[in-house]
Amino acid sequence: MRALLTPDVARKMGIVLLRPGPELMPLFSRGRVLVEHEPADMADLPTGLVPPVRQPLTEDPYLLRFFLDERVIQAAGGVSALEAWLLMNGNTCQWGEGDYHHNEITTRREAEGALRLCWHCDTQFRDQSFKALTDIARKNVVEWVVDKARAALHFDESHTLTLPELCWWAVRQRVSGAFPEPMAEQALGWPVEPIKSVYRECDLIPSVLATSVIEEHVKPVLTLDVDPETPESFMLRPKRRRWVNQKFTKWAKSQPCECCRRPADDPHHIIGHGQGGMATKAHDLFVIPLCRAHHDELHADTVAFEEKYGSQLALWFRFIDRALATGVLA
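The opening residue of the sequence shown carries number 0 in numbering that gives the first Met the number 0; numbering runs sequentially from there.
See the structure below:
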């Protein structure tokens, strides 16, 4: 339980008087209480009981575009999940106007979100749409996305979600491309530059967008493109093209050896198993990080190496599974 109280200070006596009221008296029944200054995000709250959970991110106008982005809504579960969340977290009509509300509750979809209405209001507003309903639907989307992000990060209901945590959830869900520029600047800790009414030509300095910096950091090392209609696929005996990607082999070289977990020396291209040959080798995708000692051991006696450490295919499968699971291959 938390409360915002206005103190009455008797300076000469060194006494501070508080009038919490009967509903807040249990706050003082356990002995000592913490006293601190009013947070900036609570400046607009009335004196009295403070809600147990307050999410300042839901009130940030710069984040609204992010919350309403279709990619973010789909990452949180889609509109159907939003409707289920609305029914689970309330049983009253969200349209506060009117003298009568039916006891049965349903949901109504808007262009940007959904809201909870009773049967009477749902019938009354059928085939109608106006700003008040849209604002409620938007507010529901914002609160729902924050709640889903909090739950996905395994925080309890009393946790206040921060911007870095929301950004991490977005990166995990691969929707960081929906960041608006002000949100990206806050996430990177860049200072807010005031927009002037008049600029001199010498003040116009090209700058890098914060969103482009984030995209550069979160993009996968390698992206696989699929072309179902390559010219070779229509040939009876197509000439094989070796797949080459230096970025992936460079990353593979930086990984630990699959045999001893020590730093790898070179990415080993699989030999045998129908791979490799005269003046060629396997595709760059079929590589295994090996230290110099195990790399030499494999080429010295492949059969003995596979009897000792397992098949090259098994080692490669374990390595490629890690590459896919960590987002290197996407």
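Glycine included, every Cβ here is placed at the ideal spot set by N, Cα and C.
Remember, it's a predicted structure, so these values are computed and weren't measured experimentally.
ask   = At which residues does the alpha helix (DSSP H) containing residue 181 begin and terminate?
value = Position 182 of the sequence shown, counting from 1, holds the residue named residue 181. First-last of the alpha helix (DSSP H) with residue 181: 180-187.
request  = Would you grab the beta carbon distance between residue 23 and residue 32 for me? Rounded to a whole angstrom, and I think it's under 8 Å.
outcome  = Here the question's residue 23 lines up with position 24 in the sequence shown. Here the question's residue 32 lines up with position 33 in the sequence shown. Contact doesn't hold; Cβ gap of about 11 Å is too wide.
inquiry  = Rounded to whole angstroms, what is the Cα-Cα separation between residue 65 and residue 267?
reply    = The residue labelled residue 65 in the question sits at position 66 within the sequence shown. The residue labelled residue 267 in the question sits at position 268 within the sequence shown. Each residue's Cα considered, the two are about 43 Å apart.
ask   = With a CB to CB cut of under 8 Å and the five nearest residues on each side skipped, what residues in its chain are close to residue 317?
value = Counting from one through the sequence shown, the residue named residue 317 turns up at place 318. Taken in chain order, the residues that qualify are 257.
ask   = Roughly how many whole angstroms lie between the Cα atoms of residue 182 and residue 111?
value = Counting from 1 along the sequence shown, the entry for residue 182 is found at position 183. Counting from 1 along the sequence shown, the entry for residue 111 is found at position 112. Rounded to whole angstroms, residue 182 to residue 111 spans 20 Å at the Cα level.
request  = Starting from the C-beta of residue 158, find all residues in its chain whose C-beta is less than 7 Å away, skip the five residues before and the five after it, and write them out in chain order.
outcome  = In the sequence shown, residue 158 corresponds to position 159, counting from 1. Once the five neighbours on either side are set aside, the close Cβ partners of residue 158 are 149.
ask   = Are residue 46 and residue 81 touching if we call contact CB-CB under 8 Å?
value = Here the question's residue 46 lines up with position 47 in the sequence shown. Here the question's residue 81 lines up with position 82 in the sequence shown. Contact flag unset, no.
ask   = Could you give the C-beta distance for residue 107 and residue 121, rounded to a whole number, given that I count them as a contact under 8 Å?
value = Counting from one through the sequence shown, the residue named residue 107 turns up at place 108. Counting from one through the sequence shown, the residue named residue 121 turns up at place 122. Confirmed, about 6 Å.
query = So, are the CB atoms of residue 289 and residue 264 less than 8 Å apart?
reply = If you number the sequence shown from 1, residue 289 lands on position 290. If you number the sequence shown from 1, residue 264 lands on position 265. It is a contact, given that the beta carbons lie within the stated cut-off.
request  = Enumerate in chain order the residues of its own chain whose CB-to-CB distance from residue 93 is below 6 Å, with the five nearest sequence positions on each side excluded.
outcome  = By one-based count along the sequence shown, residue 93 stands at place 94. Once the five neighbours on either side are set aside, the close Cβ partners of residue 93 are 114, 115 and 135.
query = What residue does the beta strand (DSSP E) around residue 116 start on, and which one ends it?
reply = By 1-based counting over the sequence shown, the position of residue 116 is 117. Note, residue 116: beta strand (DSSP E), 112-117.
inquiry  = Relative to the C-alpha of residue 242, which candidate in 50, 147, 280 and 261 has its C-alpha closest?
reply    = As a first step, residue 242 must be located in the sequence shown, where it is residue number 243. Among 50, 147, 280 and 261, the Cα nearest to that of residue 242 belongs to 280.
request  = Decide if the segment 170-189 is in contact with the segment 200-209; the criterion is three or more beta carbon pairs, one per stretch, under 8 Å apart.
outcome  = yes
ask   = Looking at residue 237 and residue 231, is the spacing between their C-beta atoms short of 8 Å?
value = If you number the sequence shown from 1, residue 231 lands on position 232. If you number the sequence shown from 1, residue 237 lands on position 238. Their beta carbons are under 8 Å apart, which means residue 231 touches residue 237 by this criterion.
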